[in-house]
């Protein structure tokens, strides 16, 4: 609670432990050994502040933000001792309430008088909320230059690079942050996901291993950590051969087997474990074992009444996708999407695997991306069109229409520079995904036309 006082005392003095603790924003941090008077002074100082700001802090605890802002104004107007604290709190609350212009006015006024970290951070966040990503990035980079140990700003810089469709730089930004402060589970987890999306599976598996280790004996302990590592190892092994692939699939099975004793009474964990095991055996080129484990998972889910559980069905669709049973996977996702059309969390998970949108909101988002991308393509601005469609693909990676649009934009750029390796490989990957999709028949002619054009470009490469 905001009215409470949290002061950490510890013998830990290493940079990684100190930064990890400070990221949780305690009211104070004391490293042993320390004098009793120092502890007393810190506590007295914090308690006096909290008493003076009690009306604001209690309003925050009640989530009565309008009352909190009113009390901040009263303190500021009285030129109270904690006026600067109140100014920051007021601006941050206005941002939280979506009053971005008003919040920006406060941040900018403060920056015109004196450059404060909180004002630069707030200004960047407000710009980001207004989708002024380049302006936001500039604020965050200015803050990072002034304070390279301000860890939260790395996260915001990565978000802005993603918004500007530069996932590689976003990954590098988080990697820098993790090198400085390697014990933030949330940041490591975000980095692992990003590496996986960027198809940097070697790095992704390394980071997932670290998150698994860090989560042990913490509030982040969950079977999902094992599932994510096992899935990533399996995905990585699928692209490798021989002993390298064998090593990764063995690790995936060991990662899953370690759940048996920790979650022995959790039926959902048992079912999901079997579904991912099926993927592993398919990757090991043992289809009969993969099918047997899959059948066992289906039998267990039916016997325990979990056959309609959305979490299980999404993992089942993922398993079918992994084994190239695309039609079956899409059937499951379509039925699930229709049943849970108003559940945003479920729809977001479905759309990472689905070739089609499931609600009007998603259709509108895709339509807007498509309209903007086509306009750029028709102007001959192929690079920007690629960025637009690639940004859409980050949200809807299996959407066939978006993949074909991206291919068309990539071919436009490749006609100008056939030797651009990144564009060429991305084009090739998208065409292969469309070729194996359940929706191919509906778009077969367009796919064939684009595939023929890709073959022509391939012959022009040196």
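Residue numbers (this note's numbering): -12 to 449. By construction, the Cβ of each residue, glycine as well, lies at the ideal position given by its N, Cα and C atoms. All figures in this text were calculated on a predicted structure; none of them were measured in a lab.
Q) Ends of the beta strand (DSSP E) at residue -4? A) Numbered from 1 along the chain shown, position 9 holds the residue referred to as residue -4. Per DSSP, the continuous beta strand (DSSP E) segment holding residue -4 begins and ends at -6 to -3.
Q: Could you spell out the range, first to last residue, of the alpha helix (DSSP H) harbouring residue 425?
A: If you number the chain shown from 1, residue 425 lands on position 438. Careful: residue 425 lies outside any alpha helix (DSSP H) and carries neither H nor E.
Q | Cβ separation of residue 324 and residue 356, assumed to be a contact under 8 Å, to the nearest whole Å | A | The sequence position of residue 324 within the chain shown is 337, counting from 1. The sequence position of residue 356 within the chain shown is 369, counting from 1. At roughly 19 Å, the Cβ-Cβ gap does not stay under 8 Å, so residue 324 and residue 356 are not in contact.
Q: Write down every uninterrupted run of the alpha helix (DSSP H) in the region 219 to 256 whose length is 4 residues or greater and which is fully enclosed by it, in chain order.
A: Correct list: 229 to 244, 246 to 249.
Q) Which residue spans inside the region 334 to 360 form an unbroken beta strand (DSSP E) run of at least 3? A) As far as the region 334 to 360 is concerned, it has no whole beta strand (DSSP E) run of at least 3 residues.
Q: Helix, strand or coil for residue 18, going by three-state DSSP, please let me know.
A: Here residue 18 refers to the residue found at position 31 of the chain shown. The answer is strand: DSSP assigns residue 18 an E or B state.
**Q.** For residue 206, three-class secondary structure by DSSP
**A.** As a position in the chain shown, residue 206 is number 219, starting the count at 1. Three-state DSSP puts residue 206 in coil, outside helix and strand.
Q | Option nearest residue 496 by Cα separation, candidates 122, 238, 107 | A | Residue 496 lies beyond the stretch modelled for the chain, which goes from -12 to 449, so this question has no answer here.
Q: Determine the direct distance from the alpha carbon of residue 376 to that of residue 441, and round the result to whole angstroms.
A: Taking the chain shown and counting its residues from 1, the one referred to as residue 441 is at position 454. Taking the chain shown and counting its residues from 1, the one referred to as residue 376 is at position 389. Between residue 441 and residue 376, the C-alpha separation is close to 18 Å.
(Q) Quick check on residue 408: does DSSP put it in helix, strand or coil? (A) Here the question's residue 408 lines up with position 421 in the chain shown. It is helical.
Q) Is it the case that the Cβ atoms of residue 123 and residue 112 are separated by a distance below 9 Å? A) The residue given as residue 123 occupies position 136 in the chain shown. The residue given as residue 112 occupies position 125 in the chain shown. Yes, they are a contact pair.
Q) Any contact of the region 170 to 189 with the region 216 to 227, i.e. 3+ C-beta pairs under 8 Å? A) When C-beta atoms of the region 170 to 189 are compared with those of the region 216 to 227, three or more pairs fall below 8 Å, so the two segments count as touching.
**Q.** Local Cβ density within 10 Å of residue 304, reported as buried at 16 or more and exposed below that
**A.** Residue mapping note: residue 304 aligns to position 317 of the chain shown, counting from 1. By the 10 Å Cβ count, residue 304 comes out buried.
Q) What residue ranges within the region 75 to 150 form continuous alpha helix (DSSP H) runs of no fewer than 4 residues, ordered along the chain? A) List check, alpha helix (DSSP H) in window: 87 to 100, 104 to 116, 120 to 133, 138 to 150.
(Q) Let me check understanding here. Comparing Cα to Cα, which of 74, 70, 80 lies closest to residue 53? (A) Here residue 53 is taken as the residue at index 66 of the chain shown, counted from 1. Taking only the C-alpha atoms, the option nearest residue 53 is 80.
Q. Which residue's Cα is closest to the Cα of residue 443: 47, 411, 416?
A. Numbered from its first residue, the chain shown carries residue 443 at position 456. Of the candidates 47, 411, 416, the one whose C-alpha sits nearest the C-alpha of residue 443 is 411.
Q) What is the residue span of the alpha helix (DSSP H) that residue 172 lies within? A) By 1-based counting over the chain shown, the position of residue 172 is 185. Its alpha helix (DSSP H) spans residues 172 to 184.
Q | residue 11, enclosing alpha helix (DSSP H) - first and last residue | A | One-based indexing of the chain shown puts residue 11 at position 24. For residue 11, no alpha helix (DSSP H) encloses it, and the DSSP letter there is neither H nor E.
Q.
Along the chain, where does the alpha helix (DSSP H) containing residue 328 start, and where does it finish?
A. In the chain shown, counting from the first residue as 1, residue 328 sits at position 341. Element bounds for residue 328: n/a, residue is neither H nor E.
Q: Can you grab the Cα-Cα spacing for the pair residue 209 / residue 302, in whole Å?
A: Reading the chain shown from its first residue, position 222 is the one you call residue 209. Reading the chain shown from its first residue, position 315 is the one you call residue 302. Each residue's Cα considered, the two are about 16 Å apart.
Q. For residue 170, which of 292, 381, 138, 250 has the nearest alpha-carbon?
A. Counting from one through the chain shown, the residue named residue 170 turns up at place 183. Nearest C-alpha to residue 170 among 292, 381, 138, 250: 138.
Q. Does DSSP put residue 296 in a helix, a strand or coil?
A. On the chain shown, residue 296 is found 309 positions in, with the first residue counted as 1. Coil at residue 296, not helix or strand.
Q: Can you say whether residue 236 is buried or exposed, counting buried as having 16 or more other CB atoms within 10 angstroms of its CB?
A: Within the chain shown, numbered from 1, the residue matching residue 236 stands at position 249. Its Cβ being crowded by 16 or more others within 10 Å, residue 236 is buried.
Q: My understanding is that residue 105 touches residue 75, with C-beta atoms under 8 Å, so please give their C-beta distance in whole angstroms.
A: Numbered from its first residue, the chain shown carries residue 105 at position 118. Numbered from its first residue, the chain shown carries residue 75 at position 88. Rounded, the Cβ-Cβ distance is 5 Å, consistent with contact.
Q | Candidates 380, 360, 379, 381, of which the one nearest residue 371 by Cα | A | Mapped onto the chain shown, residue 371 falls at position 384. For the residues 380, 360, 379, 381, the minimum Cα distance to residue 371 belongs to 360.
Q.
Please report the distance separating the alpha-carbon of residue 384 from that of residue 312.
A. Within the chain shown, residue 384 is the residue found at index 397, counting from 1. Within the chain shown, residue 312 is the residue found at index 325, counting from 1. Taking the straight line joining both Cα atoms gives about 17 Å.
Q) Looking at the structure shown, is residue 271 part of a helix, part of a strand, or coil, going by DSSP? A) As a working mapping, residue 271 is identified with position 284 in the chain shown. It is coil, neither helix nor strand.
Q. Looking only at C-alpha atoms, which of 176, 252, 27, 405 sits nearest to residue 291?
A. To locate residue 291, count along the chain shown from 1; it is residue 304. In this structure, 252 is the residue among 176, 252, 27, 405 with its C-alpha nearest to the C-alpha of residue 291.
(Q) Between residue 398 and residue 414, how many whole angstroms is the CB-CB distance? I'm expecting something under 8 Å. (A) As a position in the chain shown, residue 398 is number 411, starting the count at 1. As a position in the chain shown, residue 414 is number 427, starting the count at 1. Contact between residue 398 and residue 414 holds: CB atoms are separated by about 7 Å, below the 8 Å threshold.
Q: Decide if the region 35 to 49 is in contact with the region 196 to 216; the criterion is three or more beta carbon pairs, one per stretch, under 8 Å apart.
A: No: the two stretches stay apart, fewer than three of their Cβ pairs being nearer than 8 Å.
Q: Leaving out five residues on either side along the sequence, give the residues of the same chain with a beta carbon under 7 Å from the beta carbon of residue 103.
A: Locating residue 103 in the chain shown gives position 116, where the first residue counts as 1. Taking C-beta separations shorter than 7 Å and ignoring five residues to either side along the sequence, the partners of residue 103 in its chain run 97, following chain order.
Q.
Please classify residue 247 as buried or exposed, where buried requires at least 16 other C-beta atoms within 10 Å of its C-beta.
A. Along the chain shown, read from residue 1 onward, the residue named residue 247 stands at position 260. Residue environment analysis places residue 247 among the exposed positions, since fewer than 16 neighbouring C-beta atoms fall within 10 angstroms of its C-beta.
Q) What's the gap between the Cα of residue 16 and the Cα of residue 141? A) Here residue 16 refers to the residue found at position 29 of the chain shown. Here residue 141 refers to the residue found at position 154 of the chain shown. If I take the Cα positions, the gap works out to 22 Å.
Q: Decide yes or no for the touch test of the region 292 to 301 against the region 256 to 269: beta carbon pairs closer than 8 Å, at least 3 of them.
A: In the pairwise beta carbon analysis, the region 292 to 301 is classified as touching the region 256 to 269: at least three pairs are separated by under 8 Å.
Q. Using CA coordinates, which residue listed in 267, 287, 327, 215 is at the minimum distance from residue 176?
A. Mapped onto the chain shown, residue 176 falls at position 189. It is 215 whose Cα lies nearest to the Cα of residue 176.
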